[in-house]
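Asker: Quick note on numbering: our numbering labels position 213 of the sequence shown as 239, and the sequence is numbered without any gaps.
Every residue gets a Cβ at the ideal spot worked out from N, C-alpha and C, and that includes glycine.
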Amino acid sequence: MTTPLRIGLAGLGTVGAGVAKILANQADVIGKRAGRPVVVTAVCARSKNKDRGVDLSAFEWFDDPVALATSDAIDVFVELVGGSEGPANDAVTAALKAGKHVVTANKALVALHGARLAPLAEDAKVALNYEAAVAGGIPVIKAIREGLAGNEISRVSGILNGTCNYILTEMEATGRAFGDVLADAQKLGYAEADPSFDVGGIDAAHKLAILASLAFGVTLDFDGLYVEG
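#1: Expressed to the nearest angstrom, what Euclidean distance is found between the alpha-carbon atoms of residue 195 and residue 221?
#2: Keeping to the same chain, check which residues put their C-beta closer than 8 Å to that of residue 110; ignore five residues upstream and five downstream.
#3: Would you list the residues sitting across from residue 236 in a DSSP beta bridge?
#4: Within the continuous alpha helix (DSSP H) that includes residue 33, where are the two ends?
#5: Going by DSSP, what residue range makes up the beta strand (DSSP E) through residue 103?
#6: Take the Cβ of residue 145 as the centre, count every other Cβ of all protein chains shown within 10 Å, and call the residue buried at 16 or more, exposed below.
#7: Three or more beta-carbon pairs under 8 Å between the segment 48-57 and the segment 113-129, yes or no?
#8: Would you check if the segment 181-188 and the segment 225-244 touch, i.e. whether three or more CB-CB distances between them fall below 8 Å?
#9: If residue 64 sits next to residue 106, beta carbons under 8 Å apart, how far is it from one beta carbon to the other, in whole angstroms?
#10: By the 10 Å Cβ neighbour count, where 16 or more other Cβ atoms means buried, how is residue 170 classified, buried or exposed?
#11: Is it true that the CB of residue 152 sits closer than 9 Å to the CB of residue 237?
#12: Is the beta carbon of residue 80 less than 9 Å from the beta carbon of residue 104?
#13: For residue 129, which beta-bridge partners are listed by DSSP?
#14: Sorted by chain position, which residues of the same chain lie with C-beta nearer than 7 Å to residue 29's C-beta, five sequence neighbours on each side aside?
#15: Based on Cα-Cα distance, which residue from 78, 67 and 73 lies nearest to residue 98?
#16: Quick one: is residue 253 buried, meaning 16 or more other Cβ sit within 10 Å of its Cβ, or exposed?
#17: Per DSSP, which one or two residues make a beta bridge with residue 86?
Here you go:
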């Protein structure tokens, strides 16, 4: 019998719970494509009793993401906690040092600490994957790393933030004011209640820093980037 690939999932918000559901509902398809079963074996979140629309009873529960990241019960640590510092940073660092593969959608973490985390992954001979951190639906990181490996990239540009994409498109099409369109975006769930990271340019800057480092092979000082909202 093929040995399953065991996933430890930290963060059970909208994205994390969605990942757990997909891995459960599409288990047969994913297993066939991966060549082995891919199963969640352990999870970690702030609250154990919150209803997330997914059955957690089969998973080992951890209160501490670092303990999950270094557990012998997992092969891959999936970080969906968010934030560039604190638990997410500590857990990903610990996972790599413990020889665990890491998958994260945390653009802030990769933008600010990727230059430190990548050597840890190389030393441990494990993967540090973050496709979902930037335009995951394209997928652009795989394209730069593999599809464009033989090309010289001269410029990276684009609308990298979904909230801004909606707002700019709507303003151009209707002539409405920024504040009105932003309020609509919040009602529709496109923008957070506090949209400062989106409309202030920080979210796009995180993504641009990641793409630029891959495209040009340089380590960017995020604090030195010019950002305007």
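Answerer: On the basis of the coordinates in this document:
#1: Position 169 of the sequence shown, counting from 1, holds the residue named residue 195. Position 195 of the sequence shown, counting from 1, holds the residue named residue 221. The alpha-carbon atoms of residue 195 and residue 221 are separated by roughly 17 Å.
#2: Here residue 110 refers to the residue found at position 84 when the sequence shown is read from its first residue. Hits under 8 Å: 132, 134, 135, 137, 138 and 139.
#3: Position 210 of the sequence shown, counted from the start, is the residue given in the question as residue 236. Paired residue(s): none; residue 236 is not in a bridge.
#4: Against the sequence shown, residue 33 aligns to sequence position 7. No alpha helix (DSSP H) holds residue 33; the beta strand (DSSP E) holding it covers 31-36.
#5: For the purposes of this step, residue 103 is taken as the residue at position 77 of the sequence shown. It spans 102-105 - the beta strand (DSSP E) in which residue 103 sits, taken as one unbroken run.
#6: Counting from 1 along the sequence shown, the entry for residue 145 is found at position 119. Residue 145 is exposed by the Cβ-count criterion.
#7: no
#8: yes
#9: Position 38 of the sequence shown holds residue 64. Position 80 of the sequence shown holds residue 106. Actually they do not touch by this definition, with Cβ atoms about 16 Å apart.
#10: Working through the sequence shown from its first residue, we reach residue 170 at position 144. The residue in question, residue 170, is buried, as its Cβ has 16 or more Cβ neighbours within 10 Å.
#11: The residue given as residue 237 occupies position 211 in the sequence shown. The residue given as residue 152 occupies position 126 in the sequence shown. Against a cut-off of 9 Å, the Cβ pair of residue 152 and residue 237 comes out as no contact.
#12: What you label residue 80 is simply residue 54 of the sequence shown in a count that begins at 1. What you label residue 104 is simply residue 78 of the sequence shown in a count that begins at 1. Going by C-beta atoms, residue 80 is not nearer than 9 Å to residue 104.
#13: Working through the sequence shown from its first residue, we reach residue 129 at position 103. Answer by DSSP bridge pairing, in chain order: 104 and 155.
#14: On the sequence shown, residue 29 is found 3 positions in, with the first residue counted as 1. 62, listed in sequence order.
#15: Residue mapping note: residue 98 aligns to position 72 of the sequence shown, counting from 1. That would be 67, whose Cα lies nearest to the Cα of residue 98.
#16: Translated into positions along the sequence shown, residue 253 becomes position 227. Answer is exposed; the Cβ neighbour count stays below 16.
#17: Reading the sequence shown from its first residue, position 60 is the one you call residue 86. Residue 86 pairs with 68.
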